[in-house]
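Residues in the sequence shown are numbered consecutively from 1298, following the working numbering.
Note that beta-carbon positions come from the ideal geometry of N, C-alpha and C, so glycine has one too.
Below you'll find the structure, written out as structure tokens, and then a few comments.
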Amino acid sequence: QHKHKALDVEINARWPQITKVMEAGNALKAQRHPESTDVSHRIDALKKNWDKLRELWTLKSKQLEDASAAYQYQADANEAESR
């Protein structure tokens, strides 16, 4: 769980960098850069991949919480049984 929290912090710390990249891409598009179409596709892909990462991370976090709760329940049951 400790590693999971550390990775969560790292992922969240990347968001400002992601937004800067998207802003830079949008600035290129606004300047009508010759590769604006490609830049647009890359921005869309970056946003889509980021959203997918967050979705999967949320799911993984929920699974970890559920596993932790199940482990705690089992530990509590074992302790109660041993009394």
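Within the continuous alpha helix (DSSP H) that includes R1311, where are the two ends? Residues H1299 to A1327.
For K1344, the nearest candidate out of V1318, R1380 and P1331 (CA to CA)
Comparing C-alpha distances from K1344 to each of V1318, R1380 and P1331 shows the shortest one belongs to V1318.
* **Reduced DSSP category for R1380 - H, G, I as helix; E, B as strand; rest coil** => If DSSP states are grouped into helix, strand and coil, R1380 belongs with coil.
| request: Determine, using beta carbons only, whether G1322 and R1339 come nearer to each other than 8 Å. | output: Cβ atoms of G1322 and R1339: closer than 8 Å.
According to DSSP, simplified to helix, strand and coil, what is H1330?
Assignment of H1330 by DSSP, reduced to helix, strand and coil, places it in the coil class.
Which residues in the same chain as D1341 place their Cβ atom closer than 7 Å to its Cβ, once the five residues preceding and following it in sequence are excluded?
Once the five neighbours on either side are set aside, D1341 has no close Cβ partner at all.
Exercise for the section: Using the Cα positions of K1359 and L1325, report the straight-line distance between them to the nearest angstrom. Expected result: K1359 and L1325: Cα-Cα distance of roughly 39 Å.
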